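Q: All the letters of the sequence shown, read from the start, carry residue numbers 948 to 1257 under our numbering.
All residues carry an ideal CB built from backbone N, CA and C; glycine is no exception.
Since the structure is predicted, the reported quantities are computational estimates derived from the model, not experimental observations.
What follows is a structure written as structure tokens; I'll ask about it next.
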Amino acid sequence: MYPITFENLFYDKIWGGSDFEDFVEDMPSENIGEVWNITCHKHGMSIVKNGEHKGRTLLELMKELGIKLMGTKIPQDEFPLLIKIISAKDKLSVQVHPDDDYAMKNENSLGKTEAWYVLDAKENSEIIIGTKDCNKEYFKLGIENNDLEKYLNRVKIKKGDMYFIKSGLVHAILEGNLILEIEQNSDITYRVFDYGRNRPLHIDKALDVIDFNYKPEKCTGLTLNYENYTKTNLCICKYFAIEKYCVKDLLLDSSDEERFHILFLLDGTGTLEYDDGVLDIKKGDCILVPAFLGKYKIKGRIDFLKTFVP
């Protein structure tokens, strides 16, 4: 077993900004809105970039390696997470995602709960997260009267902020933001408002699933200080847990035979050393740590997020 990296998948979007330079190499066009780092979905399949499995799909690895890759407590039939970076030159649509029950009944798919980590943000950048001063009836009238924006909760953000976006929460990434999105393995979105761009809207389904009572908050987490690093427990739900590590020079860690880990490097360069080799790592890398990798070391001055299924 070895730490696995994947080829990035690129998606043109009408709001795309291509401001990925610090995190992604070899951008294929100027209109890229999303880069999918790790995915096993019908809309995108990760291809291994390194080592003996280079050129193989994540789905093939899951079938061949089983619990050695996924872990003993993770279902083997479907990869549970999707990791992507979103660059917004323009506003994304105002949207909402259904929960598992609604999505399975209406879309034959998992629902989507996600988390946003702000990789970069221009001065005075904002996101839309949640509603305000309304209920379902007022929100529907706002849509019908083209007066919806007064009911949308706008929040100023900066680099390093994280927000938890549960299913049922109205949200939108606004212009000038570069966001790491960690989510359930789903691509179901119900658009509520799209700034006149003439794409399909999904008003009835959106109104079915919006939670008007949920009040989102920034994930500040709890930070623990160690000799060579700090660890912040940023976010946990039944679908994923996210921890932030700031390594001064050395972190001794180990995989978990019950579940795989995903590491996303926020800053710095260094190495990831394991029993059978060394992987050079740098800002923007997204690494799948197999459940049965064993002990490993991260050397260098490096900040990263660790994501896993609890």
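Less than 7 Å between the beta carbons of I1129 and I1030, yes or no?
A: Taking 7 Å as the Cβ cut-off, I1129 and I1030 qualify as a contacting pair.
Q: Along the chain, where does the beta strand (DSSP E) containing N1053 start, and where does it finish?
A: Segment 1047-1054 is the alpha helix (DSSP H) holding N1053; no beta strand (DSSP E) there.
Q: Can you give me the start and stop residues for the beta strand (DSSP E) that Y1085 sits inside?
A: No beta strand (DSSP E) contains Y1085, which is instead part of the alpha helix (DSSP H) from 1083-1091.
Q: Would you call the segment 960-976 and the segment 1027-1046 in contact, with 3 or more CB pairs under 8 Å?
A: Segments in contact, yes.
Q: Quick one: which unbroken beta strand (DSSP E) runs of 3-plus residues sit fully inside the segment 1159-1246? Chain order, please.
A: Those beta strand (DSSP E) runs which fall completely within the segment 1159-1246 and span 3+ residues are 1169-1172, 1176-1183, 1188-1194, 1197-1201, 1208-1214, 1216-1221, 1224-1229, 1233-1236.
Q: Span of the alpha helix (DSSP H) holding K1010?
A: Looking at the DSSP string, the run of the alpha helix (DSSP H) that includes K1010 is 1005-1012.
Q: Between which two residues does the alpha helix (DSSP H) holding K1152 run?
A: Where K1152 is concerned, the enclosing alpha helix (DSSP H) stretches over 1150-1156.
Q: Locate the beta strand (DSSP E) running through H1078, then write down its first and last residues.
A: This sequence places Thr at residue 1078; His is not what is there. From DSSP, the beta strand (DSSP E) with T1078 extends over 1073-1078.
Q: List the DSSP bridge partners of R1144.
A: Partner(s): none; R1144 has no beta bridge.
Q: Quick check: what's the CA-CA separation for G1013 versus R1206?
A: One C-alpha to the other measures close to 11 Å.
Q: May I ask you to report which of helix, strand or coil DSSP gives E1130?
A: It is a strand residue.
Q: Is it a yes or a no for the segment 1097-1108 touching the segment 1062-1081, going by three-plus beta-carbon pairs under 8 Å?
A: Touching, per the Cβ criterion.
Q: Flag this pair as yes or no: are the beta carbons of S1133 and L1212 separated by less than 7 Å?
A: In this structure, L1212 does not lie closer than 7 Å to S1133 by Cβ.
Q: Under the DSSP definition of a beta bridge, which residues are partnered with S1034?
A: In DSSP, S1034 forms a bridge with L1125.
Q: Can you check which of these residues, K1246, D1048, C1193, is closest to G1217 by C-alpha distance?
A: When only C-alpha atoms are compared, the closest one is K1246.
Q: For the putative contact between V1139 and Q1042, defined by C-beta atoms under 8 Å, what is the C-beta separation to the nearest angstrom?
A: Right, their Cβ atoms sit about 6 Å apart.
Q: So the candidates are G1241, D1222, F1251; which of them puts its Cα closest to the Cα of K1229?
A: For K1229, the nearest C-alpha among the options comes from F1251.
Q: Span of the beta strand (DSSP E) holding T1254?
A: It spans 1249-1255 - the beta strand (DSSP E) in which T1254 sits, taken as one unbroken run.
Q: Does the Cβ-Cβ distance between G1200 and N1175 come in under 7 Å?
A: Note that residue 1200 corresponds to Asp in the displayed sequence, not to Gly. No, the Cβ-Cβ distance between D1200 and N1175 is not below 7 Å.
Q: So, A1238 versus E1204, is the Cβ gap smaller than 7 Å?
A: It is a contact, given that the beta carbons lie within the stated cut-off.
Q: Could you spell out the range, first to last residue, of the beta strand (DSSP E) harbouring W1063?
A: Its beta strand (DSSP E) spans residues 1061-1068.
Q: Considering only C-alpha positions, which residue in the set Y1142, V982, N984 is nearest to D1094?
A: Selected option, being the one with the closest Cα: Y1142.
Q: So what's M974 in DSSP terms, helix, strand or just coil?
A: Three-state result, M974: coil.
Q: Would you tell me roughly how many angstroms separate the C-alpha atoms of M1017 and G1089, rounded to the nearest one?
A: Looking at the two C-alpha atoms, the distance is approximately 45 Å.
Q: Are T1167 and T1177 close, meaning C-beta to C-beta below 7 Å?
A: Contact: no.
Q: Go ahead and pull the three-state DSSP assignment for E1096.
A: Correct three-state label for E1096: helix.
Q: Let me check understanding here. Comparing Cα to Cα, which of K1001, E1091, V971 lies closest to I1150?
A: Comparing Cα-Cα distances from I1150 to each of K1001, E1091, V971, the minimum goes to E1091.
Q: Identify which residue in G1241, I1234, L1210, K1113 has its Cα closest to the Cα of D1222.
A: When each option's Cα is compared against that of D1222, the closest is G1241.
Q: Rounded to the nearest angstrom, how far is the Cβ of L1210 from that of I985, given a contact under 8 Å?
A: Between I985 and L1210 the Cβ distance is about 10 Å, and since that is not below 8 Å, they are no contact.
Q: When the Cα atoms are used, what is the spatial distance from T1060 to F1187?
A: Rounded to the nearest angstrom, the two C-alpha atoms are 9 Å apart.
Q: Output the distance between the C-alpha atoms of D1158 and Y1098, rounded to the nearest integer angstrom.
A: Going by the C-alpha atoms only, they are around 13 Å apart.
Q: Report the rounded CA-to-CA distance for L1005 versus S993, giving the unit in angstroms.
A: Going from the Cα of L1005 to the Cα of S993 covers about 6 Å.
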